[in-house]
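Chain order of the listed sequences is A and B.
Under this note's numbering, the first residue of the first sequence is numbered 279, with each subsequent residue one higher.
Under this note's numbering, the first residue of the second sequence is numbered 279, with each subsequent residue one higher.
Below is one structure, written out as structure tokens; comments come after it.
2 protein chains.
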Amino acid sequence: MCNTVKVSPRKLDPGTRAALVDIAARLLAEHGAEALSTRKIAAEASTSTMAVYTHFGSMSGLVREMVHEGFTRLERQFAQVRRTDDPVADMILLGYAYRQNAKANSHLYAVMFGGQSLAGFSLTEDDRQYGRYTLVTVVDCATRCIESGRFSQNDPLLIAHQMWIATHGLVNLELGGYLIDPVDADRCYDSILNGLLIGVGDDPALVAASMAASTKRRRREAGADSEPAGAVTGTRR
Amino acid sequence: MCNTVKVSPRKLDPGTRAALVDIAARLLAEHGAEALSTRKIAAEASTSTMAVYTHFGSMSGLVREMVHEGFTRLERQFAQVRRTDDPVADMILLGYAYRQNAKANSHLYAVMFGGQSLAGFSLTEDDRQYGRYTLVTVVDCATRCIESGRFSQNDPLLIAHQMWIATHGLVNLELGGYLIDPVDADRCYDSILNGLLIGVGDDPALVAASMAASTKRRRREAGADSEPAGAVTGTRR
DNA sequence: AAGTTAGCATAACAACGTTACACAAAGAAT
DNA sequence: ATTCTTTGTGTAACGTTGTTATGCTAACTT
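Right, dumping it as structure tokens:
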């Protein structure tokens with residue numbers, strides 16, 4: 279009775295699907311979590327609220343799509359960091375890429391890693407696995423740091439997690455507005471990176487050299503292709 | 279025309295005010311952010327939704343009250359950590375207190391530090407200052423670490439921020455469910471604390487000793503007065 | 001060209017925060 | 001002790017939210 283698989287009398291329009299995700303992401307980025315509603319999204323896409331349900335099942339489904347999009351965007355940011363013969367400098371630049379991506383998409387970032395439940399959405403174990411996979415770039419970099427003889431600790435996964443935790447903590451408190459003038463976010467990040475790198479066995483002088491090298495590369499690549507050097511400080515005022 | 283300051287024909291009942299905060303905190307802790315509504319709170323307090331507005335002005339006001347309550351609760355947790363002649367062990371125990379408090383009140387913690395906007399509430403600068411003040415305990419402890427000669431870095435505020443950022447990052451990812459078996463939260467925290475303490479100048483052997491001492495004290499104080507040793511793992515399943 | 005199937009618009013539902021309004025209760029004043 | 005005034009609180013409403021039931025219509029299959 280069920281071998282009649284007559285399909286697709288009318289296909290879903292992938293264009294409207296992508297448009298919904300884009301509009302939702304823009305609404306979230308520009309006006310925060312409170313502004314994310316099916317009606318506003320539908321109005322901007324000049325369709326009805328039903329489009330959200332036919333394409334994503336519910337509002338949570340749309341949020342999940344945005345989260346996955348956010349992960350791939352972070353992965354692209356990571357991929358833009360070149361692999362040089364100074365793997366520690368590469369690691370520092372990966373941290374800055376993580377931080378910059380988080381600041382540019384602060385609301386989405388809070389849902390991806392901060393555990394913020396948006397519109398009833400909360401991460402499933404699959405989502406988290408998806409997010410963890412993004413960190414293989416960092417693990418690879420840690421492996422290269424170990425192989426270069428800079429680190430004395432030799433568990434790349436654990437080292438990557440240390441970097442992740444520190445950067446994540448910094449970004450979260452920075453976005454929360456907690457890091458101000460005497461000890462602002464930049465100073466905190468420099469000092470905690472410095473401490474952590476020394477802690478895993480690197481030589482203080484080499485750490486300083488790699489941090490200087492990373493700063494130089496960051497300046498250069500900022501002028502090259504990354505962002506148009508405009509206000510990348512996120513949604514702070 | 280306005281020098282007639284006739285006051286108080288009917289006082290506010292401070293009992294219902296406290297009851298509303300307690301009920302709201304319990305609803306938030308047990309059923310998450312989605313379950314926090316004026317109607318549910320009013321029903322549990324056997325009053326009307328108007329009570330929320332006369333006592334707190336709005337739902338955000340009630341959330342702000344809970345946030346302040348959360349800060350003082352964290353301060354009390356910090357105060358329970360004894361000051362010994364091993365200030366580094368004290369510092370580690372402060373970190374564990376922060377972490378345990380966050381796990382016991384995960385939803386409230388997300389609002390306090392994670393930047394999660396709950397029911398339209400978001401932190402004001404005063405709230406943040408209130409939160410930063412909670413860290414003076416950690417800054418004092420860092421000062422004692424420096425004075426004892428264990429640390430070579432000598433900016434206690436910056437050191438306290440490093441500890442805060444690392445612990446905050448760990449707790450956030452832990453609550454988000456991101457830290458699992460090969461590198462679970464406990465292992466991550468041990469390694470990042472170890473790295474950070476070495477990074478600020480402490481001797482690796484002394485760090486290991488202080489971490490062992492902190493573990494011993496934590497075991498002892500857990501059996502003494504803290505929590506009833508039950509499921510303190512928060513709302514994870 | 002006819003049939004079927006699924007996307008989409010409309011409208012409704014329950015629940016939400018918030019507010020206007022009337023009533024009741026309690027201190028102030030006589 | 002009684003009246004007045006002020007203010008907390010219950011009721012009901014408004015506009016909004018996510019979600020769903022119901023047709024209609026467009027498009028793919030035969």
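Where is the CB? At the ideal position from N, CA and C, for every residue including glycine.
Which residue comes first and which comes last in the alpha helix (DSSP H) that contains residue 458 (chain B)?
Neither: residue 458 (chain B) is in no alpha helix (DSSP H) and is coded neither H nor E.
Relative to the alpha-carbon of residue 482 (chain B), which residue among B:446, B:321 and B:430 has its alpha-carbon at the smallest distance?
For the residues B:446, B:321 and B:430, the minimum Cα distance to residue 482 (chain B) belongs to B:430.
Given residue 323 (chain A) as reference, the closest of A:378, A:337, A:301 and A:357 once Cα atoms are compared
Nearest of A:378, A:337, A:301 and A:357 to residue 323 (chain A), Cα basis: A:301.
Residues bridged to residue 399 (chain A) (per DSSP):
DSSP lists A:396 as partners of residue 399 (chain A).
Return no unless some Cβ of chain B is closer than 8 Å to the Cβ of residue 365 (chain A).
No, because no Cβ of chain B sits closer than 8 Å to the Cβ of residue 365 (chain A).
Starting from residue 466 (chain B), find everything on chain A with Cβ-Cβ shorter than 8 Å and list it in chain order.
Neighbours of residue 466 (chain B) on chain A, chain order: 436, 439, 440 and 443.
Note the first and the last residue of the continuous alpha helix (DSSP H) segment covering residue 298 (chain B).
Counting along the chain, residue 298 (chain B) sits inside the alpha helix (DSSP H) bounded by residues 292–309.
Measuring straight from C-alpha to C-alpha, what distance separates residue 335 (chain A) and residue 441 (chain A)?
So the two alpha carbons sit approximately 37 Å from each other.
Determine the extent of the alpha helix (DSSP H) in which residue 418 (chain B) is found, giving its start and end residues.
DSSP places residue 418 (chain B) in the uninterrupted alpha helix (DSSP H) bounded by 414–425.
Starting from residue 378 (chain B), find everything on chain A with Cβ-Cβ shorter than 9 Å and list it in chain order.
The CB of residue 378 (chain B) never comes closer than 9 Å to any CB in chain A; the least such distance is about 17 Å.
Length of the line joining the Cα atoms of residue 381 (chain B) and residue 453 (chain B)
Roughly 7 Å separates the two Cα atoms.
Using 8 Å as the threshold, is the C-beta distance between residue 367 (chain A) and residue 492 (chain A) below it?
Going by C-beta atoms, residue 367 (chain A) is nearer than 8 Å to residue 492 (chain A).
So, residue 379 (chain A) versus residue 307 (chain A), is the Cβ gap smaller than 8 Å?
Taking C-beta atoms as the reference points, residue 379 (chain A) and residue 307 (chain A) fail to come closer than 8 Å.
Own chain residues within Cβ distance below 6 Å of residue 420 (chain B), not counting five before or after
Same-chain partners within the cutoff: 434, 437 and 438.
If we count the other Cβ atoms within 10 Å of its Cβ and call it buried at 16 or more, is residue 426 (chain B) buried or exposed?
Answer is exposed; the Cβ neighbour count stays below 16.
Are residue 412 (chain A) and residue 352 (chain A) close, meaning C-beta to C-beta below 8 Å?
Here residue 412 (chain A) is near residue 352 (chain A), since their CB atoms are less than 8 Å apart.
In whole angstroms, what separates the C-alpha of residue 450 (chain A) from that of residue 478 (chain A)?
Per the coordinates, the alpha-carbon of residue 450 (chain A) lies some 23 Å from the alpha-carbon of residue 478 (chain A).
Between which residues of its own chain and residue 337 (chain A) is the CB-CB distance below 7 Å, once the five residues before and five after are set aside?
316, 330, 397 and 398.
Kindly indicate which residue of A:387, A:402, A:346 and A:377 has the alpha-carbon position closest to the one of residue 521 (chain A).
Beyond the ends of chain A as shown, which are 279 and 515, falls residue 521 (chain A); an answer cannot be given.
DSSP three-state label for residue 496 (chain A), please.
Helix, per DSSP.
If you measure between the beta carbons of residue 476 (chain A) and residue 476 (chain B), is that distance less than 8 Å?
Yes, the Cβ-Cβ distance between residue 476 (chain A) and residue 476 (chain B) is below 8 Å.
Determine the burial state of residue 480 (chain B): buried for a count of at least 16 other Cβ atoms within 10 Å of its Cβ, exposed for fewer.
Per the 10 Å Cβ criterion, buried.
So which residues of chain A does residue 476 (chain B) contact, with C-beta pairs closer than 7 Å?
Under the 7 Å cutoff, chain A gives 476 and 477.
Which residues of chain B have a Cβ atom closer than 8 Å to the Cβ of residue 388 (chain A), listed in chain order?
Within chain B, the residues placing a beta-carbon under 8 Å from that of residue 388 (chain A) are 392, 393 and 394, ordered along the chain.
Please report the Cβ distance between residue 299 (chain A) and residue 340 (chain A), rounded to the nearest whole angstrom; I am assuming they are in contact, meaning their Cβ atoms lie under 8 Å.
In this structure, residue 299 (chain A) and residue 340 (chain A) form a Cβ contact; the two beta carbons are roughly 7 Å apart against a cut-off of 8 Å.
Over what stretch of residues does the alpha helix (DSSP H) that includes residue 332 (chain A) continue unbroken?
That run of the alpha helix (DSSP H) goes 328–334.
From which residue to which residue does the alpha helix (DSSP H) around residue 384 (chain A) run?
Residue 384 (chain A) -> alpha helix (DSSP H) spans 384–390.
Residues in the same chain with beta-carbon distance under 8 Å from residue 496 (chain A), minus the five sequence neighbours each way, listed in chain order, please.
Excluding positions up to five away in sequence, the list reads 371 and 374.
Suppose the cutoff is 8 Å on Cβ atoms and the five residues either side in sequence are ignored; what does the same chain contact list for residue 294 (chain A) look like?
Cβ neighbours of residue 294 (chain A) beyond the five flanking positions: 323, 325, 329 and 333.
Given this structure, state the Cα-to-Cα distance separating residue 314 (chain B) from residue 314 (chain A), to the nearest angstrom.
Residue 314 (chain B) and residue 314 (chain A): Cα-Cα distance of roughly 19 Å.
Ordered along the chain, which non-local residues of its own chain (more than five positions away) have a Cβ less than 8 Å from that of residue 422 (chain B)?
Taken in chain order, the residues that qualify are 361, 365 and 368.
Just checking: is the beta-carbon of residue 295 (chain B) within a distance shorter than 8 Å of some beta-carbon in chain A?
False, the Cβ-Cβ gap to chain A never drops below 8 Å.
Once you ignore the five residues that flank residue 460 (chain A) on each side, which residues in its own chain have a CB closer than 6 Å to its CB?
Cβ neighbours of residue 460 (chain A) beyond the five flanking positions: none.
In chain order, what residues of the same chain lie with their CB nearer than 8 Å to the CB of residue 305 (chain B), ignoring the 5 residues before and after it?
These residues qualify, in order along the chain: 313, 314, 318, 319 and 322.
Within this structure, are the beta carbons of residue 410 (chain B) and residue 387 (chain A) separated by less than 8 Å?
Residue 410 (chain B) places its beta carbon 8 Å or farther from that of residue 387 (chain A).
Kindly say whether residue 461 (chain A), judged by its beta-carbon, lies nearer than 8 Å to any beta-carbon of chain B.
With 8 Å as the cut-off, residue 461 (chain A) counts as an interface residue toward chain B.
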